[in-house]
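Structure first, then comments.
Residue numbers (our numbering), protein chains in the order written: chain X, 67 to 343; chain W, 67 to 343.
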């Protein structure tokens with residue numbers, strides 16, 4: 067039986083220095099936050115075209131965060147309210163498509179620094195602004211481009227996140243059309259720089275604390291069948307270096323939030339088991 | 067433990083004669099629909115500004131419909147794609163605000179016949195197009211304007227719906243600003259006609275099959291405190307004539323889909339207990 071809880075989500079807005087603009091993020095406080103005990107936090111990174119709103123309105127995660135007593139933070143997917151030529155020409159590059167990396171190519175390198183924003187500025191802001199957060203119990207999850215973000219954030223910063231899981235993540239961006247477009251635009255043509263933001267390449271060199279990757283993928287997801295996501299490449303890389311990985315392939319499921327809402331409870335169980343042990 | 071299920075929602079589009087335009091509705095088929103047994107159906111009527119999309123993306127009802135084996139149909143809230151002068155001047159009248167009644171005042175009376183659309187044309191279409199539906203086990207629920215629609219549809223058509231419940235319904239539209247505006251616009255000034263579309267007035271004359279009304283209301287809902295909803299008037303009317311009514315007043319909850327998503331499972335339990343007995 068699920069007990070009652072508040073399912074409101076606060077919306078916070080901070081001027082940040084990393085991307086030189088105001089950034090929105092959502093934060094969900096479970097009922098347990100009213101006590102004296104510090105709580106775990108999970109960051110959720112959303113996919114292409116999303117803002118900080120999609121996950122909090124469509125996934126139904128609140129029920130599980132409330133059961134487990136976990137705070138949930140949802141960043142936006144790109145800088146907003148600045149204007150760079152071409153930033154809204156396509157839905158898979160620029161606004162709503164920051165790819166959680168630090169661009170090095172002009173003109174994007176000034177503002178598009180979502181990697182540092184999420185893993186440094188927002189991460190530290192959450193710890194300092196919300197004393198209820200336990201700095202030793204922080205996890206991350208994401209969807210699609212945000213699944214890539216969750217994986218890369220964890221692999222590039224060993225120990226920063228104790229747990230990681232992803233729904234339908236882009237797993238090997240150097241080898242798929244979405245990733246090739248984003249990396250060319252944000253990073254230029256230097257393939258060694260691409261590798262430093264590619265989960266499948268990063269995991270081969272991972273030597274941080276023990277980590278299990280939980281990947282979830284709908285077999286009926288047209289982006290999966292179109293080889294934008296390539297989870298098998300990541301699984302193979304994990305196995306080659308002995309990093310534990312779970313790939314749940316879900317028959318018939320697509321890329322949508324209906325799919326996420328069906329399995330979000332399992333992901334919270336996975337994170338809670340480790341973060342609350 | 068919740069078992070897995072498909073959370074897709076079919077979107078159907080039919081040209082209907084009642085409102086002389088194409089109308090969308092959503093239909094959710096639970097996994098049990100693949101068997102040979104006929105299943106109950108619940109109609110969900112949405113509130114002001116909504117389409118057939120809000121409930122299926124934000125409420126999380128699918129989990130409970132799947133558990134109970136209940137089909138769920140979600141109509142739109144007004145005719146679409148026709149043009150009447152003034153139909154988009156305000157968010158609480160015209161497009162997205164059909165109030166589930168049959169307008170009698172020109173120019174609205176030609177198209178704005180949502181009462182007949184839902185309770186006759188769509189109702190019959192669901193029975194004929196989806197043979198899996200059990201015609202003897204049909205319920206209805208709704209939110210805000212749609213809660214009013216669910217109550218009025220049930221009370222005006224004794225026996226058509228075996229179960230009814232509502233989230234934050236408009237309960238006495240003749241006595242609140244939203245209702246006065248809509249009734250004046252769609253029905254004119256004849257107060258006896260108003261009474262024929264007002265749940266609080268209708269229940270006083272109800273003499274159909276035994277019926278229990280389940281009302282749900284957030285005490286922190288600003289439309290409740292602004293006296294747009296008036297559930298106490300309906301409860302008093304029910305008690306005056308001996309119609310059983312349950313009013314769950316939920317401390318601090320607002321008017322949003324977060325509130326609905328928190329308690330939608332309880333409403334499915336209520337309907338299932340009767341429809342599946």
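Positions of the beta carbon are idealized from the N, C-alpha and C atoms, including for glycine.
Under the 9 Å criterion on CB atoms, residue 124 of chain X is classed as interfacial with respect to chain W. Residue environment: residue 267 of chain W is assigned as buried (16 or more neighbouring CB atoms within 10 Å of its CB, all protein chains considered).
Residue 281 of chain W sits close to residue 231 of chain W, with the two beta carbons spaced by under 9 Å. Counting only runs that start and end inside the stretch 232 to 288 of chain X, the beta strand (DSSP E) elements of at least 3 residues fall at 279 to 284. Its chain contains 267 as the residues whose beta carbon lies nearer than 6 Å to that of residue 261 of chain W, once the 5 sequence neighbours on both sides are disregarded; these appear in chain order. Distance from the Cα of residue 132 of chain X is smallest, within the candidate group X:269, X:334, X:142 and X:341, for X:334. Using a Cβ-Cβ cut-off of 9 Å, residue 290 of chain X does not count as an interface residue toward chain W, since no Cβ of chain W sits closer than that to its own.
Listed in chain order, the non-local C-beta contacts of residue 242 of chain X below 8 Å within the same chain comprise 236, 293, 294, 295 and 296, local neighbours out to five positions each way being set aside. The count of Cβ pairs closer than 8 Å, one atom from the stretch 243 to 256 of chain W and one from the stretch 198 to 206 of chain W, stays below three, leaving the stretches out of contact. A residue is called buried once 16 or more other Cβ atoms fall within 10 Å of its Cβ, and residue 305 of chain W, having fewer, is exposed.
Put simply, the backbone Cα of residue 160 of chain W is about 30 Å away from that of residue 194 of chain W.
The stretch 89 to 96 of chain X makes contact with the stretch 108 to 119 of chain X; the number of CB pairs closer than 8 Å reaches 3 or more. In terms of Cβ geometry, residue 125 of chain X and residue 312 of chain X do not form a close pair [threshold 9 Å]. When secondary structure is reduced to three states using DSSP, residue 105 of chain X falls in the strand class. Excluding five sequence positions before and after residue 251 of chain W, the CB atoms of its chain that fall closer than 6 Å to its own CB belong to 159, given in chain order.
Residue 180 of chain W and residue 166 of chain W have their C-alpha atoms spaced approximately 4 Å apart. For residue 203 of chain W, no Cβ of chain X is located within less than 9 Å of the residue's own Cβ.
Here residue 99 of chain W is near residue 198 of chain W, since their CB atoms are less than 9 Å apart. The continuous beta strand (DSSP E) containing residue 313 of chain X extends over residues 311 to 316. The alpha-carbon of residue 200 of chain W is positioned some 11 Å away from that of residue 102 of chain W. One alpha carbon belongs to residue 309 of chain W, the other to residue 229 of chain X, and they sit about 54 Å apart.
Within the model, the alpha-carbon separation for residue 274 of chain X versus residue 222 of chain X is close to 9 Å. Taken through DSSP and simplified to helix, strand or coil, residue 161 of chain W comes out as coil. Contact annotation, residue 341 of chain W with residue 106 of chain W: C-beta distance approximately 4 Å; criterion of less than 8 Å satisfied. In the three-state reduction of the DSSP assignment, residue 194 of chain W falls in the helix class.
Bridge partners of residue 138 of chain W according to DSSP: W:94 and W:108.
Nearest Cα to residue 171 of chain W within the set W:276, W:248 and W:287: W:248.
Rounded to the nearest angstrom, the gap between the Cα atoms of residue 217 of chain X and residue 265 of chain X is 6 Å. Our two residues, residue 147 of chain X and residue 157 of chain X, have alpha carbons roughly 16 Å apart in a direct line. With distances taken between CA atoms, residue 271 of chain X lies nearest to X:303 out of X:96, X:321, X:174 and X:303.
Using a CB distance cut-off of 9 Å, residue 129 of chain W counts as an interface residue toward chain X. Residue 201 of chain W sits in a strand when the DSSP states are folded into three classes. DSSP, reduced to helix, strand and coil, places residue 150 of chain W outside both helices and strands of the structure shown, so it counts as coil. Using beta-carbon distances, residue 183 of chain W does not count as an interface residue toward chain X, since no partner is under 9 Å.
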